[in-house]
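Below you'll find the structure, written out as structure tokens, and then a few comments.
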Amino acid sequence: MYTQLDIETHFEGKLKIAYLNQPETMNALTKPSLSDLKDFINECSNDPAVRCVAISGRGRAFCSGQNLDDAFVQGNEHHDNDIIRKIVTDYYNPLVIEITHCKKPVIALVNGPAVGAGAMLALICDFVLANEKAYFAQAFSNIGLIPDTGGTYFLPKLLGRQLANYLAFTGKKLSAEESKSYGLVAEVFTEEEFNSKSMEILERVSNMPTVGLKLTKKAFAHSYNNTLKQQLELEGDLQQKAAETEDFKEGVSAFLQKRKPEYKGK
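Oh and the sequence shown: position 127 is 140 in this note's numbering, straight run, nothing missing.
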């Protein structure tokens, strides 16, 4: 375990978890925490010992969004006209790119409220596991802003135009179960089972063929803009790469020998 300013990280076997660690602000995001989280994801992406990555929050919240004091007070007493653009382009956008391009699965463990940029931080991950007490709110409109942290890109794709507009315009809170019904959340667990059930899933993913999962992420990402023909060609290319991995050979051998495979992520 080590601590970097506003985040706390743990390495457990093949799994590395970052906890947003400012419970007194419901883990509101600051420039240091955004930078540390970006560096954490980059480190995990390039560390062969890491096979799965998770992001969660300490205390009763996952993340309450941007810390407005950090944005408008610290080091910006005169409220520069382009301060918001600088925060988005210098801190949020690099984090979105790191998470979406990470070579390992990145999973959000939403232990409580996820609001504004905090909601999008969860939703840009590969999938979301949520505590039944959690909720999600696109609260940007409450202060006259638009969804950032990839919100305008991912929300219409996850929800369709109607629901994306509805949630962005109203800032409506969605319970964990409602979010699951909309396809925003993969699983919802009771408060008592959240930690144990989430860990079971994380451990399963961390023992899967890591390169194959990376290639799956790449294929899904390209599907947003590819034609069917382009996507089929990409599938062929990526499938060949997957078939050249040690894990593919191990998977075939285990199947033929009727035993459980032991993947090494190579």
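Ideal Cβ positions, reconstructed from N, Cα and C, are used throughout, including at glycine.
These figures come from a predicted structure and were not determined experimentally.
With DSSP as the reference, please indicate the residues paired to residue i in a beta bridge.
i	result
cysteine 65	Leu28
leucine 172	DSSP lists no partner for leucine 172.
glutamine 79	Leu42
valine 128	Ala150
isoleucine 120	Ala67, Phe140
serine 188	Tyr148
Quick check on the DSSP output: the alpha helix (DSSP H) that includes residue i runs from which residue to which?
i	result
phenylalanine 261	259–269
glutamate 53	Note that residue 53 is phenylalanine in the sequence shown here, rather than glutamate. Element bounds for phenylalanine 53: 44–59.
glutamate 246	241–256
glycine 225	223–236
glutamate 111	106–114
lysine 99	96–100
leucine 197	Taken as a continuous stretch (DSSP letters only), leucine 197 belongs to no alpha helix (DSSP H), as it is neither H nor E.
glutamate 213	207–219
To which residues of the same chain is residue i closer than 8 Å at the C-beta, ignoring the five residues directly before and after it?
i	result
isoleucine 100	Lys44, Gln79, Ala84
leucine 187	Tyr148, Phe149, Ala150, Leu180, Tyr195, Leu197
glutamine 244	Ala232, His235, Ser236
alanine 177	Leu168, Pro169, Leu171
threonine 258	Pro222, Val224, Gly225, Lys279
Looking at residue i: is its Cβ nearer than 8 Å to the Cβ of residue j?
i	j	result
asparagine 34	isoleucine 54	no
leucine 136	isoleucine 214	no
lysine 279	aspartate 250	no
glycine 131	phenylalanine 75	yes
valine 224	alanine 255	yes
glycine 125	arginine 73	yes
tyrosine 105	aspartate 161	yes
Spatial neighbours of residue i within its chain, please: CB distance less than 7 Å, with the 5 preceding and 5 following residues excluded, ordered by chain position.
i	result
glycine 184	Ala150, Gln151, Ala152, Ser154, Asn155
alanine 189	Ala143, Asn144, Glu145, Ala147, Tyr148, Val198, Val201
glutamate 13	Given that the chain is displayed from residue 14 to residue 279, the structure contains no residue 13 and the question cannot be resolved.
aspartate 139	Pro118, Val119, Ile120, Lys230
glycine 26	Ser219
valine 109	Ile137, Thr162, Gly163
proline 107	Lys51
Looking at the unbroken beta strand (DSSP E) that takes in residue i, where does it start and where does it end?
i	result
valine 201	200–202
Beta-carbon within less than 6 Å of residue i's beta-carbon, same chain only, minus the 5 sequence neighbours each way: which residues are those?
i	result
arginine 71	Tyr32, Asn34, Pro36
leucine 122	Ala67, Ser69, Leu142, Ser211
glycine 164	Met133
glutamate 111	Lys51, Ile54, Asn55
Quick check on residue i - is its C-beta less than 8 Å from some C-beta in chain B?
i	result
methionine 39	Structure shown: chain B not included; a single protein chain is present.
Margin query: Any contact between the segment 108–122 and the segment 219–229? By contact I mean 3 or more CB pairs, one from each, below 8 Å.
Written below: yes
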